[in-house]
Amino acid sequence: MKKIVTAICMLALVAGSLSAKPKDKKKDAKKDAPSGPMTYVLDFADSNAGKKTTFEKNNDYYQSTKKDSPDFSGYIIGRLPKKGDTVELHFKGVSDIDLPGIMGCVMDDSPKANYWLNVISQKDCDTPIYGPIKAGEVFEGTYTFTLTTNVRKNLRFMMFYDHGGAKSAGWEKVGKAPTIKWQKTDAVTTDTSDMVEKKAPSTPVEISLNLADSAKMIEMQAETENGKINAYGAAISIIDLFENSIGRLPIVGDKVTITFEGTSNRDIETPIRAALYESTPAVNWWAELASNNWIEWHSEPIKAGEVFKGSCTFEVNKAAIDGVGVRIYYDSYDGAGAATFIYKK
19 MKKIVTAICM
29 LALVAGSLSA
39 KPKDKKKDAK
49 KDAPSGPMTY
59 VLDFADSNAG
69 KKTTFEKNND
79 YYQSTKKDSP
89 DFSGYIIGRL
99 PKKGDTVELH
109 FKGVSDIDLP
119 GIMGCVMDDS
129 PKANYWLNVI
139 SQKDCDTPIY
149 GPIKAGEVFE
159 GTYTFTLTTN
169 VRKNLRFMMF
179 YDHGGAKSAG
189 WEKVGKAPTI
199 KWQKTDAVTT
209 DTSDMVEKKA
219 PSTPVEISLN
229 LADSAKMIEM
239 QAETENGKIN
249 AYGAAISIID
259 LFENSIGRLP
269 IVGDKVTITF
279 EGTSNRDIET
289 PIRAALYEST
299 PAVNWWAELA
309 SNNWIEWHSE
319 PIKAGEVFKG
329 SCTFEVNKAA
339 IDGVGVRIYY
349 DSYDGAGAAT
359 FIYKK
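The opening position of the sequence shown corresponds to residue 19 in the numbering used here, with each subsequent residue numbered one higher.
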């Protein structure tokens with residue numbers, strides 16, 4: 019059930035139509051976006067999706083429909099919310115049925131986020147937003163959280179009940195779908211459309227990225243072909259590493275060094291190799307981005323519990339479009355098995 023909650027918990031940060039921007043800004047009114055953390059104030063009644071939210075059944079739980087889930091993508095196009103930013107969700111609404119409460123998550127469902135990226139913690143997803151709710155009575159509140167990763171393009175809030183989190187909270191099962199109509203609060207929704215973020219370098223750079231900044235634990239899982247295990251590997255999205263360092267995805271001419279220092283829970287006898295790639299619809303789900311892909315990332319045998327360091331430099335010969343990741347793997351051999359890498363603090 020937890021997996022279902024996690025999948026749902028991608029509170030939608032969906033892009034809606036840019037034509038739904040709250041207001042037009044003059045080009046000469048643009049200002050530099052702040053470099054440090056921001057607080058975004060969002061009122062459900064200002065959502066690009068409109069002033070009501072409907073729900074639908076999904077297996078044995080209910081979630082807000084995508085078309086009616088509060089969407090604020092039209093407000094954030096100048097300066098996208100980033101990891102560490104604070105978001106205040108303000109809401110005032112009326113439900114047409116009783117509810118023990120609602121929970122929700124924030125997500126980005128844009129192509130750049132591979133269509134489903136939760137941007138808040140699972141703990142926040144499993145925290146009640148409000149409850150109980152009585153049919154026909156106005157309920158009002160604020161839900162505050164901190165982003166755990168960068169928004170790539172879209173920002174949407176999805177709500178749900180009758181799921182595993184609701185059961186853990188002791189809520190009684192509802193078994194039917196409500197419609198919630200939103201009213202304006204006193205909150206003023208943050209609009210960054212008049213902001214301009216610092217321009218990313220347009221010329222090639224040499225950059226070193228620590229994989230542990232994106233993945234503290236790496237699961238090297240079995241990979242099969244024709245029913246036979248031929249390797250153990252992991253594919254890790256590193257969009258956030260590029261966004262946080264140079265503000266763009268790799269371009270032709272970049273030299274990208276990927277490092278990781280940590281321990282393995284088991285011995286590994288064969289070298290670990292690596293490749294830089296993109297897996298999005300823009301490249302038909304697979305494109306190699308480096309001329310020297312599949313180079314050795316770590317060459318010596320690894321002993322369980324002993325610190326090892328993986329490192330290699332990719333020479334980018336194909337620009338990324340909507341995403342970037344690194345794949346690492348080691349060949350199967352007699353006695354080989356899946357391994358877990360934990361970063362060294």
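Note that the Cβ used here is the ideal one computed from N, Cα and C, for glycine as well.
Quick check: residue i and residue j, are their CB atoms within less than 7 Å of each other?
i    : j    : result
I147 : S113 : no
M121 : G183 : yes
I94  : T210 : yes
D231 : L267 : no
F90  : L135 : no
L165 : D127 : no
F175 : D142 : no
K191 : K130 : no
G341 : I257 : yes
How many whole angstroms separate the CB atoms of residue i and residue j, which I take to be in contact at a CB cut-off of 8 Å?
i    : j    : result
I236 : G343 : With 8 Å as the limit, I236 and G343 do not qualify as a contact, their Cβ atoms being about 12 Å apart.
K362 : V214 : Wrong, their Cβ atoms sit about 39 Å apart, outside the cutoff.
F282 : A322 : This sequence places Ser at residue 282; Phe is not what is there. That pair is a contact at about 6 Å.
F332 : V274 : 5 Å
Y79  : D180 : 4 Å
K336 : E306 : 7 Å
Y250 : Y347 : 6 Å
A308 : I339 : Actually they do not touch by this definition, with Cβ atoms about 15 Å apart.
A357 : M238 : 4 Å
K217 : I115 : That belief does not hold up - the Cβ atoms of K217 and I115 are roughly 50 Å apart, past 8 Å.
Going by beta carbon distance, what residues of the same chain come within less than 6 Å of residue i, once the five residues before and after it are set aside?
i    : result
W312 : R291 and A293
F62  : P88, F109 and W200
T71  : S82, D86 and I198
K84  : none
K100 : N168
K41  : Reliability of the predicted coordinates at K41 is poor, the pLDDT of 47 falling under 50, and no value is obtained from them.
E261 : N168
P118 : G149, P150, W189 and E190
T208 : Y58 and V59
With H, G and I counted as helix, E and B as strand and the rest as coil, what does DSSP make of residue i?
i    : result
Q201 : coil
K362 : coil
V3   : This structure gives no information on residue 3, because the portion of the chain shown stretches from 19 to 363.
S263 : helix
Y93  : helix
S186 : helix
L229 : helix
I115 : coil
A253 : strand
A357 : strand
P55  : coil
K130 : helix
D142 : helix
A63  : helix
D258 : helix
A308 : strand
Let's test the definition: count the other Cβ atoms within 10 Å of the Cβ of residue i and tell me whether it reaches 16, buried, or not, exposed.
i    : result
V156 : exposed
Y351 : exposed
V206 : exposed
K202 : exposed
T242 : exposed
N310 : exposed
T57  : exposed
P52  : exposed
W303 : exposed
A196 : The displayed chain sequence assigns Pro, not Ala, to residue 196. Result: buried.
D144 : buried
A67  : buried
K45  : Model confidence at K45 stands at a pLDDT of 47, short of 50, so the residue's coordinates are unreliable and nothing is read from them.
E224 : exposed
Within its chain, find whatever has a CB closer than 7 Å to the CB of residue i; leave out the 5 residues flanking it on each side and keep chain order.
i    : result
K69  : A63, K199 and W200
S65  : P88, D89 and F90
R284 : A322, G355 and A357
G353 : none
A233 : I254
Which same chain residues end up closer than 8 Å to residue i when comparing Cβ atoms and leaving out the 5 residues on each side of it in sequence?
i    : result
P222 : I269, V270, G271, D272, K273 and V334
F326 : E279, G280, T281, S282, H316, E318 and I320
P55  : K100, G102, D103 and T104
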